[in-house]
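Structure first, then comments.
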Amino acid sequence: MIIRERYIRQISPFIGKPLIKVITGIRRCGKSTFLKMIAQSLTESGVMPGNIILINKDSLEFDFIKNYLDLNNYVKHRIKDLTGKIYLFIDEIQEIDGWEKAVSGFLADKTADLFITGSNSRLLSSELATYISGRYVEFKIYPLTFSEFLKFREGKDTGNLDQEFGLFLKYGGFPGIHHMEYDDEVIEQYISSLYNTILLKDVVAKNGIRDVALLEKIAKFTADNCGNITSSKKIADFLKGQKSGGSVDTVQNYLAMLTGAFIFHKVNRFDIKGKKHLEIHEKYYSGDIGLKHVLLGYKTGDISGHLENIVFLELLSRGFKVEIGKYNELEIDFIATKGIERIYIQVAYLLPDQKTTEREYRALEKINDNYPKLVLSMDKYLNENKAGIQWKNLVEFLTSNS
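This note's numbering puts the first residue of the sequence shown at 136, with every later residue one more than the last.
Structure follows, in structure tokens:
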């Protein structure tokens, strides 16, 4: 089991505290294994294995737990003869109707230290979630970063770093691919099956969608425009041109469902000069680069977009809040903020000439604050640090410990 140290560090200060630990992320990104990592660390610290209760709603073993009453009865039965602190882990809790009532009761009664996972970003925004409002802390888990991908590849017949990054660029970061043969057809079939499961279980079934064909067209259009300015109206106009129907409101609702299931991430824009958030012209990025390839096929011509998507997910995994920057008519790929820390980032495939270099640096040169400014590209051995703007090789950035 590969320990995902970044997330362990994030959650460790909250273990044993009277708060519900809520772990969210796309299906098969590693949430279940993360729970097992925490459970293992508890047993290593001296907790009796019997005092750790793990309920996995993806397992038929727990199919009988349909609602909050079933959950409450099962847990109370399991703990009745136990002594000492109890640790309760509930995986994919959204599959239990009214789960919030049971979890709120467990917290009020000090039944156990609570850890729950869910595969929808709106897990905590329902009306019922008011039962646990103010009494939880959320941790977002993402598919593997490139550094984590390399750990999974240790001991295999690996090539050099550039070859490894080529695999990551094609296959993405779902941990399950490392149980497969590293073959394009095999990996594509696995991720395609995973995408269909996410779409059907976490979008179609959860929201009662009838027009699945329309949903799939919206998903493909969004994937094809990752990193580009996208709006519900733009998608609706495209669908109208395809004679597919779909009003702006319908598109907006479907996009919210797709982002809710972490298939895509919506990124808002920030006007740096005006110092205000913009309500229009947002961008979307794929929840994993492998999903994008399954929807569209692997397009080598969109290498810049793939790299941008990878950097975006890397920043999220490092705990940054990420926005798109605007300075007059110039665009900054990412403004990454964490506490008082901020960094401006431009992403390019290559900087082959002075004109391209000047274009990538221009927007950053306009920003006159003292936060770090960084240009990332796949070039090797460039010396393009100027005016306080640092250049860095993109792969080197992904494998750094920042």
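Here a beta-carbon is modelled for each residue, glycine too, at the ideal position from N, C-alpha and C.
In three-state terms, what does DSSP make of residue i?
i           : result
residue 435 : helix
residue 226 : strand
residue 294 : coil
residue 421 : strand
residue 218 : coil
residue 396 : coil
residue 323 : helix
residue 538 : In the structure displayed, the chain extends from 136 to 537; residue 538 sits before or after that span and is not available.
residue 528 : strand
residue 486 : coil
residue 345 : coil
residue 379 : coil
Buried or exposed: where does residue i fall if 16 or more other Cβ atoms within 10 Å of its Cβ makes it buried?
i           : result
residue 218 : exposed
residue 459 : buried
residue 172 : buried
residue 449 : buried
residue 278 : buried
residue 199 : exposed
residue 337 : buried
residue 195 : exposed
residue 283 : buried
residue 166 : buried
Taking Cβ to Cβ, would you say residue i is nearer than 7 Å to residue j?
i           : j           : result
residue 483 : residue 512 : yes
residue 468 : residue 486 : no
residue 139 : residue 254 : no
residue 401 : residue 417 : yes
residue 264 : residue 289 : no
residue 186 : residue 221 : yes
residue 508 : residue 462 : no
residue 422 : residue 397 : yes
residue 304 : residue 428 : no
residue 233 : residue 202 : yes
Could you tell me the distance, in whole angstroms, from the CA atom of residue i to the CA atom of residue j?
i           : j           : result
residue 276 : residue 158 : 7 Å
residue 335 : residue 516 : 46 Å
residue 536 : residue 205 : 44 Å
residue 492 : residue 225 : 50 Å
residue 340 : residue 347 : 10 Å
residue 502 : residue 437 : 28 Å
residue 297 : residue 285 : 11 Å
residue 215 : residue 331 : 41 Å
residue 209 : residue 344 : 33 Å
residue 477 : residue 532 : 16 Å
residue 379 : residue 349 : 7 Å
residue 443 : residue 197 : 40 Å
residue 490 : residue 406 : 25 Å
residue 342 : residue 189 : 28 Å
Touching or not, the stretch 153-172 and the stretch 267-279, by the rule of three or more beta carbon pairs under 8 Å? yes
May I ask you to verify whether the stretch 389-397 touches the stretch 345-353, counting CB pairs closer than 8 Å and requiring at least 3? yes
Decide yes or no for the touch test of the stretch 356-369 against the stretch 309-323: beta carbon pairs closer than 8 Å, at least 3 of them. no
Count the C-beta pairs between the stretch 238-254 and the stretch 163-170 that are closer than 8 Å, then say yes if the count reaches three, no if not. yes
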